[in-house]
Amino acid sequence: MDPIVILGAGLAGLSTAHFLQRPWRLIERSDRVGGLIKTEVIDGCYFDPTGHWLHLRDPEVQELVNTLWLPGELVRIQRKAAVFSRGVFTRFPYQVNTHGLPAEVVAENLVGYVEAIYGEKGRELRERDPRNFEEFILRYMGEGFARNFMVPYNQKLWTVHPRELSAAWVGRFVPRPTLKEVVDGALGSGSDALGYNASFLYPREGGIESLARAMLRHLEGGELSVHTEPVSIDWKAKTVALSDGRSLRYASLVSSISLPGLVQLLAKGGAGVPESVQAAAKQLRATTVTYVCVAARGANRQPWHWIYLPESEFHSYRIGSPSAVFAPLAPPDTATFSVEYSHHGSLSLADAEAKAVEDLLRSQMIHSADDILFTRAREIPNAYVLYDDAYGPAKSEVVRFLDQAGIHTAGRYGQWEYSSMEDAILAGRAVARTLNR
Ligand SMILES: Cc1cc2nc3c(=O)[nH]c(=O)nc-3n(C[C@H](O)[C@H](O)[C@H](O)COP(=O)(O)OP(=O)(O)OC[C@H]3O[C@@H](n4cnc5c(N)ncnc54)[C@H](O)[C@@H]3O)c2cc1C
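To convert, count from 1 in the sequence shown and add 2; that's this note's numbering.
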């Protein structure tokens with residue numbers, strides 16, 4: 003019987019293989035499994051492709067994770083995150099922790115919130131669904147929070163103004179504060195436990211990659227090939243031609259590689275892809291994230307696991323610190339950082355490294371550039387999928403075609419969405435269940 007061929011061995015691909023009860027072949031382009039959760043070790047310092055913290059809400063995924071590790075091999079960590087703006091650190095989430103900011107900023111945030119939620123000014127937005135992400139921010143947080151944090155931060159993260167994005171991705175990722183939370187936050191009794199990632203799990207050893215390794219160890223019923231990738235796919239003949247010269251016949255195909263990339267491979271196959279679908283795939287956009295792994299001599303200057311940088315004087319939108327989250331991720335007396343830049347077009351790795359040192363200094367995360375031990379920039383080509391105007395119609399067009407061609411997708415880039423590690427596992431499980439039937 004032909005196997006189920008799964009493209010990409012990140013969490014979505016691994017999860018599909020895990021839950022399948024039929025023979026599978028997993029095809030991975032890189033040298034090992036893990037995708038976005040591959041951990042790099044530089045001079046004894048562990049760097050994930052920026053912070054990768056595990057938060058689980060599905061009982062079956064929790065159970066799966068518990069079977070992968072022995073008790074105690076996963077640690078639970080309470081988030082310590084901050085926003086650095088107006089020269090001060092305030093706890094994250096910003097909306098419920100404005101205490102410590104200049105009084106006029108706190109007042110602007112509070113008044114804007116009250117007007118948005120209760121005032122005449124917010125009435126129009128309250129009476130309809132937000133048409134874009136900016137309207138979502140104004141509707142649920144008001145003008146002050148929009149101006150002082152939400153708009154400038156998100157513009158840096160997404161590289162476009164929030165009015166150019168829909169609110170379709172927001173879901174559980176952006177907390178909507180209550181009046182009590184906002185007022186408590188302004189008075190200094192706010193909570194930093196709000197939001198989906200208030201606490202998270204992390205492997206005691208090996209960085210986040212050990213999640214992928216553990217899943218791989220538990221796989222049965224199939225075969226993994228690394229260092230190989232499709233060069234074309236013929237969806238009518240149900241064959242995948244691989245870069246190592248092999249041709250695989252499949253009973254079903256599951257793709258967790260990027261959606262536009264999949265369409266290109268199908269277009270190169272004998273059965274082809276309609277022009278309209280190829281055009282739609284070209285409209286799907288994502289930002290590139292360049293992150294700079296930095297190690298500095300001495301203990302962490304700040305306690306923060308990560309900080310958000312909404313202001314334009316910083317090039318980076320967020321700086322994370324693996325050593326602050328979990329000390330064994332760095333050698334003793336060494337602080338490590340992951341400084342993130344989101345962009346379209348090119349940002350040279352050398353430029354990113356120079357900017358990273360500037361941003362670390364200006365945000366008071368390090369004392370002196372002389373303490374830097376190394377800087378290494380890395381790139382994530384499709385990091386954040388853009389939910390712009392083209393997104394909905396273009397994705398529907400592609401998905402309609404894939405349905406017709408009998409091809410399944412899973413994962414953050416397979417389904418071209420904003421989602422978490424757990425979502426990737428859930429997507430793999432969902433596809434596997436469909437195929438098991
Ligand atoms: C900057 C950043 C920070 C994040 N932080 C968190 C976090 O803190 N917590 C959280 O839960 N989630 C986080 N995420 C999301 C999380 O990384 C993803 O949801 C998840 O890892 C996606 O897994 P995946 O299998 O869908 O995709 P991927 O991990 O991208 O896996 C796809 C796999 O396909 C392979 N591949 C690609 N093209 C081909 C090809 N043509 N042929 C064969 N193989 C191919 C790749 O090498 C890769 O192994 C973050 C994401 C980013 C970008």
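We put the CB at the ideal spot given by N, CA and C, even for glycine.
Glu211 - containing beta strand (DSSP E), residue span: Counting along the chain, Glu211 falls outside any beta strand (DSSP E), though it belongs to the alpha helix (DSSP H) covering Glu211 to Arg219.
Endpoints, the alpha helix (DSSP H) within which Glu1 is located: Residue 1 cannot be examined here, being either before or after the span of the chain that is shown, 3 to 439.
Counted within 10 angstroms of its Cβ, other Cβ atoms place Asp361 as buried (16 or more) or exposed: Asp361 counts as buried, since at least 16 other C-beta atoms from the protein chains shown sit within 10 angstroms of its C-beta.
Reduced DSSP category for Glu381 - H, G, I as helix; E, B as strand; rest coil: Glu381: strand per DSSP, three-state reduction.
Proximity test, Trp55 beta-carbon vs ligand 1 heavy atom, cut-off 6 Å: Yes - ligand 1 has a heavy atom lying nearer than 6 Å to the Cβ of Trp55.
Contact check, Gly146 vs Gly114, beta carbons under 7 Å: For Gly146 and Gly114, yes; Cβs fall inside 7 Å.
C-beta atoms of Ser254 and Ile8 nearer than 7 Å: In this structure, Ser254 sits away from Ile8, with a CB-CB distance that is not shorter than 7 Å.
Cβ pair Arg320, Leu388 closer than 7 Å: Not a contact, by the Cβ cut-off of 7 Å.
Helix, strand or coil at Val256 according to DSSP, with G and I counted as helix: Under the three-state reduction of DSSP, Val256 is assigned to strand.
C-beta atoms of Ile235 and Leu261 nearer than 7 Å: In this structure, Leu261 does not lie closer than 7 Å to Ile235 by Cβ.
Closest by C-alpha distance to Leu349, when choosing among Ser325, Pro383, His369 and Ala332: Nearest neighbour of Leu349 by Cα position, chosen from Ser325, Pro383, His369 and Ala332, turns out to be Pro383.
Separation of Asp372 from Arg364, as counted between CA atoms: Distance between the alpha carbons of Arg364 and Asp372: 14 Å.
Contacts around Val172, its chain only, beta-carbon distance under 8 Å, and the 5 residues preceding and following it disregarded: For Val172, where only same-chain residues beyond five positions count, the Cβ hits under 8 Å are Phe135 and Phe138.
heavy atom of ligand 1 below 6 Å from Thr69 C-beta: Thr69 Cβ: outside cutoff for every heavy atom of ligand 1.
Glu30 Cβ short of 6 Å to ligand 1 heavy atom set: True, at least one ligand heavy atom lies under 6 Å from that Cβ.
Distance cut-off 6 Å: Arg414 Cβ against heavy atoms of ligand 1: The answer is yes for Arg414.
C-alpha gap between Trp160 and Ser193, whole angstroms: Cα to Cα, the separation comes out at about 27 Å.
Thr52 CB to nearest heavy atom of ligand 1 below 6 Å: Correct: Thr52 has its Cβ closer than 6 Å to ligand 1.
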